[in-house]
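FYI, the numbering for the sequence shown is 190 to 600, going by this note's numbering. For reference, the structure discussed in these notes is given below.
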Amino acid sequence: MSMSAHAMATAPLPDELDVLVVGAGPAGAAVAAQLAGHCRVALVGRAVQAGRAIGETLPAAARVILSDLGVWDAFAAQGHRPAWSRRSLWGSSEVIFQDALFDPHGAGWHLDRKRFDAMLLEAARSRGVPCLVPATLRSLQRQPPGAPMRWRCLIDRAQGDPAHGPLELSCRIVVDATGRAARVARQAGAEVRRDGRLVCFHAWVEPPSHEHAGTTMIESDAEGWWYSADLPDGSCVIAWQTDIDLPEARRLRSTADLLDMADRTALVGARSVGSQVLEPLRVAAAHEQWLDAASGADWLAVGDACLSFDPLASQGLLNSLVTGSEAALAVRRSLAGDAGALPAWDAWIRPIRAAYRSHHEHYYALEPRWANETFWARRQRAPEAGNGAGVIAAPASPSERWHSSAGTRPA
């Protein structure tokens, strides 16, 4: 059954809701699934994108949050590829090897993102959450103070929907899970802040061999850095992160251009040389982004809508799951009469960004070889002691911060 047909099979949206979740990605699905059975909640969002999706790696620490969401068994049954090792060439010409056998959390996973995202959405749907997918939020209108329904929402349904046409409904709280677009937050009056010009050029290929199966590769160069991981279907992604205004970025026009560059690398070239192109070149925004306020009295933002990381952090997907799950607790407190629950969400998000910034600066400072190049000079604001060679490891994850901060959770 197609995603749109499946969405039509769910319960219809009522005219009045306690909570409307806008966004059908991991963060939105996590919020909706955790609110199911506790309030009148519905989800609207765009369909899962056609083709492959970037953002394929999930750290092992995610097992905790997947269990809390009640989807661990479904996730394990999907057969995502374990990420057994990491090879990094960063800070020196020596390749650093990390084996998941020595990681207390074990191996993470290289995901089939389409199946993963669909599994999370199905978790919300199976718990009785009406899911209108695909659909888009056209507008939000805040109602007068004292009105029991704080928001009037106008939703555009998909062309294939038998009830095609705009849908109006009212709700008490809106959750923004629209990713970097932050559509709800913007309409609620929040301002989007950003740092940098980072973009990710990426393509999927069939590698010449599977010698490096289960291995994540990270490699720096003068104008950015490379990432590669293999996926459950045997393909692999090759991605180059750089600033959009730099010379090489302006010259990139095709997958062939990207692979020509990758072929000249010492590490990622093991996958690119002789590979078969599977899809055209894509480019995606990868800069850090956040909101001046991640919540208000009657709304909050989760996932990339509230905080988007540089992909070097390897925490974007985990952050979506954790913030989605935790936001549901804040929403429940608000619905129970705690007027400070949603405004406090912004204060809960801020330390996550502060921790991320600290790790971000540390890992970029580990690469001294191109300190005079524009890409690196923009990120190395203060040199650190040492020879610069080091292991590129994921910083402390949002879930680790959550579990080590008893008493600070937003519920």
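Yeah, the Cβ is synthetic: ideal placement off N, Cα and C, and Gly gets one too.
- Closest by C-alpha distance to residue 260, out of 314, 284 and 296, is 314.
- For the pair of segments examined, the region 375-388 was found not to touch the region 208-226: the number of CB pairs separated by less than 8 Å stays below three.
- In this model, residue 381 and residue 398 are separated by some 43 Å (Cα to Cα).
- Ranked by Cα distance from residue 435, the first of 427, 417 and 413 is 413.
- If you check the CB distance, residue 340 and residue 331 come in under 9 Å.
- Residue state for residue 473 is assigned as strand, using DSSP reduced to three classes.
- Counting every other CB atom within 10 Å of its CB across the protein chains shown gives residue 291 a total below 16, marking it as exposed.
- Look at the beta carbons and you see the region 484-499 touching the region 516-533: at least three pairs across the two are nearer than 8 Å.
- Just measuring C-alpha positions, the residue of 202, 526, 548 and 457 sitting nearest residue 359 is 202.
- Taking 9 Å as the cut-off, the Cβ atoms of residue 464 and residue 427 count as close.
- A residue is called buried once 16 or more other Cβ atoms fall within 10 Å of its Cβ, and residue 256, having fewer, is exposed.
- Measuring C-alpha to C-alpha distances from residue 453 to each of 522, 251 and 411 identifies 411 as the nearest.
- Around the beta carbon of residue 357, fewer than 16 other beta carbons sit within 10 angstroms, so the residue counts as exposed.
- Annotated three-state conformation of residue 246 is strand, per DSSP.
- Our two residues, residue 215 and residue 308, have alpha carbons roughly 9 Å apart in a direct line.
- Using a Cβ distance threshold of 9 Å, residue 538 and residue 512 count as a contacting pair.
- Within the same chain, 227 come within 6 Å of residue 521 by CB-CB distance, once the 5 residues on both sides are set aside.
- Linking residue 555 to residue 540 through their CA atoms gives a straight-line distance of about 23 Å.
- With fewer than 16 other Cβ atoms from the protein chains shown falling within 10 Å of its own Cβ, residue 561 counts as exposed.
- Only buried fits residue 523, as 16 or more other CB atoms lie within 10 angstroms of its CB.
- In the DSSP assignment, the residues bridged to residue 231 are 209.
- According to DSSP, residue 384 shares a beta bridge with 477.
- Ranked by Cα distance from residue 267, the first of 276, 448 and 305 is 305.
- Residue pairing by DSSP places residue 297 opposite 272 in a beta bridge.
- Minimum Cα-Cα distance from residue 479 among the listed residues 510, 489, 534 and 495 corresponds to 495.
- Under a 10 Å Cβ-count criterion, residue 319 is classified as buried, with 16 or more other Cβ atoms of the shown protein chains found around its own Cβ.
- Of the other Cβ atoms in all chains shown, fewer than 16 fall within 10 Å of the Cβ of residue 262; this residue is therefore exposed.
- Between the C-alpha atoms of residue 299 and residue 269 there is a straight-line separation of about 6 Å.
- In the displayed model, residue 527 falls within coil according to three-state DSSP, outside both helix and strand.
- Put simply, of 441, 419 and 250 the residue whose alpha carbon is nearest the alpha carbon of residue 404 is 419.
- Taking 9 Å as the cut-off, the Cβ atoms of residue 230 and residue 247 do not count as close.
- Residue environment: residue 417 is assigned as buried (16 or more neighbouring CB atoms within 10 Å of its CB, all protein chains considered).
- Membership of residue 331 in the beta strand (DSSP E) is indicated by the continuous run 324-331.
- In this structure, residue 322 lies near residue 232, with their beta-carbon atoms less than 9 Å apart.
- Pairing residue 401 with residue 276 gives a Cβ-Cβ distance under 9 Å.
- With respect to the C-alpha of residue 390, the residue from 570, 346, 532 and 431 having the closest C-alpha is 431.
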